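Engineer: One structure, pasted below without further comment.
Residue numbers (this note's numbering): 16 to 85.
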């Protein structure tokens with residue numbers, strides 16, 4: 016997700032851009048990853064003898080990290 020922050024913006028607009036950036040990261044990445052971690056965990060628990068292939072990112076707040084808490 017690209018940053019909405021531009022250093023050439025006036026201070027007030029830069030602060031608004033930081034708030035928007037933070038909101039979208041929280042909603043579009045972190046909360047999505049938490050939901051997906053719960054879904055993957057439930058799927059694996061319902062079908063313990065089934066083989067699955069998942070491809071996850073490995074960054075901060077990634078699905079991989081969320082799975083550790085499930």
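Backbone N, C-alpha and C define an ideal beta-carbon position, used for all residues, glycine too.
Owing to the predicted nature of the structure, the values given are computational and were not obtained by experimental measurement.
Here's the rule I'm using: 16 or more other beta-carbon atoms within 10 Å means buried, otherwise exposed. How should residue 62 be labelled?
Structural biologist: As a position in the chain shown, residue 62 is number 47, starting the count at 1. Counting Cβ neighbours within 10 Å, residue 62 comes out exposed, since fewer than 16 surround it.
Engineer: Just checking my contact of residue 78 with residue 52 at CB under 8 Å: how many whole Å lie between their CB atoms?
Structural biologist: As a working note, residue 78 is residue 63 in the chain shown. As a working note, residue 52 is residue 37 in the chain shown. Yes, they are in contact, since the Cβ atoms of residue 78 and residue 52 sit about 6 Å apart, within 8 Å.
Engineer: At what residues does the alpha helix (DSSP H) containing residue 85 begin and finish?
Structural biologist: Stepping through the chain shown from its first residue, residue 85 is reached at position 70. Counting along the chain, residue 85 falls outside any alpha helix (DSSP H), and DSSP gives it neither H nor E.
Engineer: By a C-beta neighbour count over all protein chains shown, 10 Å radius and 16 as the cutoff for buried, is residue 64 buried or exposed?
Structural biologist: Counting from one through the chain shown, the residue named residue 64 turns up at place 49. That one is exposed.
Engineer: Would you mind stating whether residue 76 and residue 35 have Cβ atoms separated by less than 9 Å?
Structural biologist: Along the chain shown, read from residue 1 onward, the residue named residue 76 stands at position 61. Along the chain shown, read from residue 1 onward, the residue named residue 35 stands at position 20. Contact flag unset, no.
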